[in-house]
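Q:
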Amino acid sequence: MKTRTQRLFALLATMFLLAACGGTTQAGTSPSGPPQRGGTLTVLEAGSFAGAWPSGLDPATNTTGGANISQMTAIFGSLFRLEANDDGTNAHVVPDLAGGYEISPDGKSVKITIRDGVKFSDGTPFNAEAVAFNFNRDIKSTCTCAPRWPLVSGGGITTEGNAVVLKFTRPYASVINSMLVSNSNWIASPTSLQQQGPDQFKITPVGAGPFKVESNTLSSELRLTRNETYYKQGQPYLDKLIFKSVGGDQPAYQAVLAGQAQAYEGMVTTPLIEQAKANKQLSVTIQPPTSPYVIQLDTKAAPFNNEKAREAIYYATNVDAIRKGLFKDWYPAAQTFTGPGGLFHHATIPGYRTYDLNKAKALVAELGGLTVDLGTLKNYVAEQVITALKSQWEAAGITVTMHSDELNALIGNFNSNKWQAMLQTAGAWDPAAGVGVSFRFDSTSPFSGVADPALDTLLNQAAAATDPAQRESSYTQAGQLISDKAYAPYILAFAPANIASTKVHGQGLTTQIPPLLVNTTVNWDTVWMTQ
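Residue numbering for the sequence shown follows numbering that gives the first Met the number 0, starting at 0 and increasing by one per position.
(1) By Cβ distance, which residues of its chain are closer than 6 Å to Ala387, with the 5 residues on each side in sequence left out?
(2) With a threshold of 6 Å on Cβ separation, who are the neighbours of Leu325 within its own chain once the five nearest residues in sequence on each side are excluded?
(3) Which one or two residues does DSSP pair with Met421 in a beta bridge?
(4) From Arg309 to Leu373, what distance separates their C-alpha atoms?
(5) Do Val267 and Gln261 count as a contact pair if the criterion is CB distance below 8 Å?
(6) Which runs of the beta strand (DSSP E) spanning at least 3 residues fall entirely within the region 114-193, listed in chain order?
(7) Quick one, which of Arg80, Ala463, Gly122 and Gly196 has its alpha-carbon nearest Asn226's?
(8) Assuming Asp404 is part of the beta strand (DSSP E), what are its boundary residues?
(9) CB Gly340 to CB Pro288, shorter than 8 Å?
(10) If you check the beta carbons only, do Ala73 and Trp523 fall under 8 Å apart?
(11) Measuring straight from C-alpha to C-alpha, what distance separates Glu101 and Val109?
(12) For Phe75, count the other beta carbons within 10 Å of its own beta carbon; 16 or more makes it buried, fewer makes it exposed. Which is it?
(13) List, from N- to C-terminal side, the beta strand (DSSP E) runs of 3 residues or more that fit wholly inside the region 66-96.
(14) Tell me whether Glu393 is buried or exposed, calling it buried when 16 or more other Cβ atoms sit within 10 Å of its Cβ.
(15) With a threshold of 16 other CB atoms inside 10 Å of the CB of Ser214, please say whether the residue is buried or exposed.
(16) Which whole-angstrom value is the C-beta distance of Val205 and Leu223, which I expect to be below 8 Å?
(17) Which runs of the alpha helix (DSSP H), 4 residues or longer, sit entirely within the region 223-256?
(18) Going by DSSP in three states, Asn482 sits in which element: helix, strand or coil?
(19) Please report the Cβ distance between Arg470 and Ala464, rounded to the nearest whole angstrom; I am assuming they are in contact, meaning their Cβ atoms lie under 8 Å.
(20) Enumerate in chain order the residues of its own chain whose CB-to-CB distance from Gly55 is below 7 Å, with the five nearest sequence positions on each side excluded.
(21) Would you call the region 429-449 in contact with the region 478-487, where contact means no fewer than 3 C-beta pairs closer than 8 Å?
(22) Count the other CB atoms within 10 Å of the CB of Ala257; is the residue buried (16 or more) or exposed (fewer)?
(23) For the structure I just gave you, are there three or more beta carbon pairs, one from the region 327-336 and one from the region 510-529, closer than 8 Å?
(24) Shortest alpha-carbon distance to Ser120 belongs to which of Phe134, Arg80 and Ser191?
(25) So for Phe446, helix, strand or coil by DSSP?
(26) Can you look up Asn518 in the DSSP assignment and give me helix, strand or coil?
(27) Give me the residue from Ser77, Ala361 and Asn278 with the minimum Cα distance to Trp185.
(28) Just to check my reading of the structure: Pro189 and Ala129 have Cβ atoms closer than 8 Å, yes? What is that Cβ distance to the nearest angstrom?
(29) To the nearest angstrom, report how far apart Pro514 and Ala361 are at their CA atoms.
(30) Starting from Leu43, follow the beta strand (DSSP E) in both directions and report where the run begins and ends.
(31) Would Arg169 be called buried (16 or more neighbouring beta carbons within 10 Å of its own) or exposed?
(32) In three-state terms, what does DSSP make of Thr24?
(33) Run through DSSP, which three-state label would Asn497 get?
(34) Spatial neighbours of Thr519 within its chain, please: CB distance less than 6 Å, with the 5 preceding and 5 following residues excluded, ordered by chain position.
(35) In this structure, how does DSSP classify Phe440 when only helix, strand and coil are distinguished?
(36) Using the beta-carbon count (16 or more within 10 Å), is Asn176 buried or exposed?
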């Protein structure tokens with residue numbers, strides 16, 4: 000039975016989730032008949048993002064965990080997971096390895112009950128002590144996916160029977176939604192960690208998820224086999240699940256066509272998506288967008304500590320030209336940190352500065368010129384967008400250098416404060432989660448270009464509130480403040496596509512589930528293949 004708090008958050012998701020704009024699933028992804036058991040599925044992941052796991056797959060030491068949600072959930076399962084109707088509507092959080100939760104009326108503590116009878120794949124108990132052990136490791140992690148809970152000092156993480164209790168210094172009612180994209184959602188076996196040692200455990204980690212590790216070549220190939228002791232009887236359906244890193248969309252598409260793989264997560268190349276849609280042997284699922292592209296500006300240093308320089312970027316950016324020229328008008332323009340597939344979405348912000356080349360030129364002249372270093376993640380879409388931005392900005396008299404970096408290098412640029420402007424995604428299914436709004440705009444985040452106490456207060460209020468209306472109000476005010484101060488212009492609410500053989504079926508792979516971050520979280524225990 001759901002607790003009052005669980006019902007509240009389920010209601011919140013239902014109230015505010017909008018149907019995806021442009022989300023499509025090609026026919027053949029919802030077959031008749033029950034799932035079939037057996038088969039080996041090879042899934043390709045782009046080496047610039049999900050296909051890179053250079054520091055291994057231990058949740059507490061994996062520095063790219065936010066990109067590796069698919070691999071992590073396959074091995075470790077999840078305390079909580081996001082489910083939705085096949086068309087992406089009615090997205091809601093459900094307990095998975097957790098049995099349930101209860102948030103205190105004041106929002107300052109949460110009690111997470113652990114599902115009874117679950118075991119890690121090494122046969123040891125999956126219990127509250129194991130979860131608390133992991134939580135204590137996770138909060139010290141250097142991963143961008145580490146939880147940033149406002150824990151009380153000493154005693155912030157405790158156990159009560161087979162439950163874990165988190166106590167906070169301030170209300171934090173969004174803790175469960177935010178956990179979905181945190182390494183705290185993936186629980187590792189303390190026994191196997193101790194027996195193997197951390198250096199080996201990151202190669203052959205042990206969890207309680209639907210699959211267990213057979214072999215792992217970092218950032219190359221991860222081979223998994225069915226966990227016969229998985230707590231859901233009869234699942235997973237697949238015998239084996241293999242993840243392979245691939246150089247990008249084109250080689251991935253060719254590999255799927257050649258039968259060397261059966262699925263590819265996160266396709267972003269528009270012409271290839273069109274080709275895949277026309278191929279009757281493939282299913283194409285474009286996910287509901289939740290994380291808009293944003294041009295982050297480092298407002299704490301020159302030139303963007305000057306609001307006029309920031310305004311010049313807003314006015315010089317022609318969003319409609321990018322949407323129509325690069326993306327065939329598939330994806331809606333964005334003016335804030337939410338997308339149509341997520342919670343608290345608003346399409347427009349009053350007074351938002353839109354493209355005006357004459358105003359941009361006048362501001363650049365008033366500034367005596369403007370020189371900008373523009374960076375992004377190395378992938379097709381991001382590189383296409385910054386190339387277009389460079390051309391647009393130069394038309395306004397802005398001097399632009401641009402570069403794209405692998406994920407680890409990009410993270411290093413942020414951590415070392417060596418950046419001026421970055422094309423990134425901002426937001427999540429719940430803005431309080433993971434690389435949501437606070438990740439990009441909170442004063443304490445190393446991945447933020449903003450230090451504004453008023454904005455921090457609004458974001459904290461939104462994360463704290465148990466009332467959906469209060470949360471929406473705070474996020475709306477935060478979006479307005481970001482716009483009024485010209486902190487970061489938005490581009491569009493983009494979401495990648497999954498392509499798969501029509502013989503492959505599964506939640507989040509061939510059905511729509513709003514992405515928690517960039518790629519959708521696939522529920523691998525539901526995936527099966529027609530033999």
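Idealized CB from N, CA, C, for every residue including glycine.
A: Quick look at the numbers:
(1) As a first step, residue 387 is located in the sequence shown; it is residue number 388 there, counting from the start. Once the five neighbours on either side are set aside, the close Cβ partners of Ala387 are Ile321.
(2) As a working mapping, residue 325 is identified with position 326 in the sequence shown. Once the five neighbours on either side are set aside, the close Cβ partners of Leu325 are Gln383.
(3) As a working note, residue 421 is residue 422 in the sequence shown. According to DSSP, residue pairing for Met421 in a beta bridge involves Gln295 and Gly374.
(4) Within the sequence shown, residue 309 is the residue found at index 310, counting from 1. Within the sequence shown, residue 373 is the residue found at index 374, counting from 1. Roughly 13 Å between the two C-alpha positions.
(5) Reading the sequence shown from its first residue, position 262 is the one you call residue 261. Reading the sequence shown from its first residue, position 268 is the one you call residue 267. Cβ distance not < 8 Å, so Gln261 and Val267 don't count as in contact.
(6) Counting only runs of 3 or more residues that sit fully inside the region 114-193, the beta strand (DSSP E) segments are 156-158 and 162-166, in chain order.
(7) Reading the sequence shown from its first residue, position 227 is the one you call residue 226. Comparing Cα positions, the closest option is Gly122.
(8) Position 405 of the sequence shown holds residue 404. If you look at Asp404, you'll find it in the beta strand (DSSP E) that goes Ile397 to Asp404.
(9) Here residue 340 refers to the residue found at position 341 when the sequence shown is read from its first residue. Here residue 288 refers to the residue found at position 289 when the sequence shown is read from its first residue. In this structure, Pro288 lies closer than 8 Å to Gly340 by Cβ.
(10) The residue you call residue 73 lines up with position 74 of the sequence shown. The residue you call residue 523 lines up with position 524 of the sequence shown. Yes; because the gap between Cβ atoms is below 8 Å, this pair is in contact.
(11) Translated into positions along the sequence shown, residue 101 becomes position 102. Translated into positions along the sequence shown, residue 109 becomes position 110. If you draw a straight line from the Cα of Glu101 to the Cα of Val109, it is about 6 Å long.
(12) In the sequence shown, counting from the first residue as 1, residue 75 sits at position 76. Phe75 should be labelled buried.
(13) Within the region 66-96, the complete beta strand (DSSP E) runs of at least 3 residues are 79-82 and 91-94.
(14) Against the sequence shown, residue 393 aligns to sequence position 394. Glu393 sits exposed, since fewer than 16 C-beta atoms from the chains shown fall within 10 Å of its C-beta.
(15) Within the sequence shown, residue 214 is the residue found at index 215, counting from 1. Exposed.
(16) Here the question's residue 205 lines up with position 206 in the sequence shown. Here the question's residue 223 lines up with position 224 in the sequence shown. Actually they are not in contact, since the Cβ atoms of Val205 and Leu223 sit about 12 Å apart, beyond 8 Å.
(17) Note on the region 223-256: whole alpha helix (DSSP H) runs with a minimum of 4 residues are 248-256, in chain order.
(18) Translated into the one-based positions of the sequence shown, residue 482 becomes position 483. Sequence inspection shows Ser at residue 482; the Asn mentioned does not correspond to that position. In the structure shown, Ser482 sits in a helix (DSSP, three-state: H, G or I).
(19) By one-based count along the sequence shown, residue 470 stands at place 471. By one-based count along the sequence shown, residue 464 stands at place 465. That belief holds up - the Cβ atoms of Arg470 and Ala464 are roughly 5 Å apart, short of 8 Å.
(20) What you label residue 55 is simply residue 56 of the sequence shown in a count that begins at 1. Correct list, in chain order: Asn61, Lys201, Ile202 and Leu217.
(21) Contact between the region 429-449 and the region 478-487 is present, because at least three Cβ pairs lie under 8 Å.
(22) Residue 257 sits at position 258 when you count from the first residue of the sequence shown. Ala257 comes out exposed.
(23) Short answer: they don't touch.
(24) As a position in the sequence shown, residue 120 is number 121, starting the count at 1. Considering only alpha carbons, the answer is Ser191.
(25) Your numbering for residue 446 matches position 447 in the sequence shown. Of the three classes helix, strand and coil, the one that applies to Phe446 here is coil, per DSSP.
(26) Residue numbering aside, residue 518 sits at position 519 when the sequence shown is read from its first letter. Three-state result, Asn518: coil.
(27) For the purposes of this step, residue 185 is identified with residue 186 of the sequence shown, where counting begins at 1. Of Ser77, Ala361 and Asn278, the residue nearest in Cα terms is Ser77.
(28) In the sequence shown, counting from the first residue as 1, residue 189 sits at position 190. In the sequence shown, counting from the first residue as 1, residue 129 sits at position 130. Their Cβ separation, rounded to whole angstroms, is 5 Å, which keeps Pro189 and Ala129 in contact under 8 Å.
(29) As a working mapping, residue 514 is identified with position 515 in the sequence shown. As a working mapping, residue 361 is identified with position 362 in the sequence shown. The straight-line gap separating the alpha-carbon atoms of Pro514 and Ala361 is approximately 40 Å.
(30) Here residue 43 refers to the residue found at position 44 when the sequence shown is read from its first residue. Per DSSP, the continuous beta strand (DSSP E) segment holding Leu43 begins and ends at Thr39 to Ala45.
(31) In the sequence shown, the residue the question calls residue 169 occupies position 170. Exposed, because fewer than 16 other Cβ atoms sit within 10 Å of the Cβ of Arg169.
(32) What you label residue 24 is simply residue 25 of the sequence shown in a count that begins at 1. Residue placement at Thr24 is poorly supported in this model, since its pLDDT is 47, which falls under 50; the coordinates still yield a value, given next. In the three-state scheme derived from DSSP, where H, G and I count as helix and E and B as strand, Thr24 is classed as strand.
(33) Along the sequence shown, read from residue 1 onward, the residue named residue 497 stands at position 498. Asn497 sits in a strand when the DSSP states are folded into three classes.
(34) As a position in the sequence shown, residue 519 is number 520, starting the count at 1. Excluding positions up to five away in sequence, the list reads Gln286, Gly507 and Ile512.
(35) As a working note, residue 440 is residue 441 in the sequence shown. In this structure, Phe440 counts as helix in the three-state DSSP scheme.
(36) For the purposes of this step, residue 176 is taken as the residue at position 177 of the sequence shown. Under a 10 Å Cβ-count criterion, Asn176 is classified as buried, with 16 or more other Cβ atoms of the shown protein chains found around its own Cβ.
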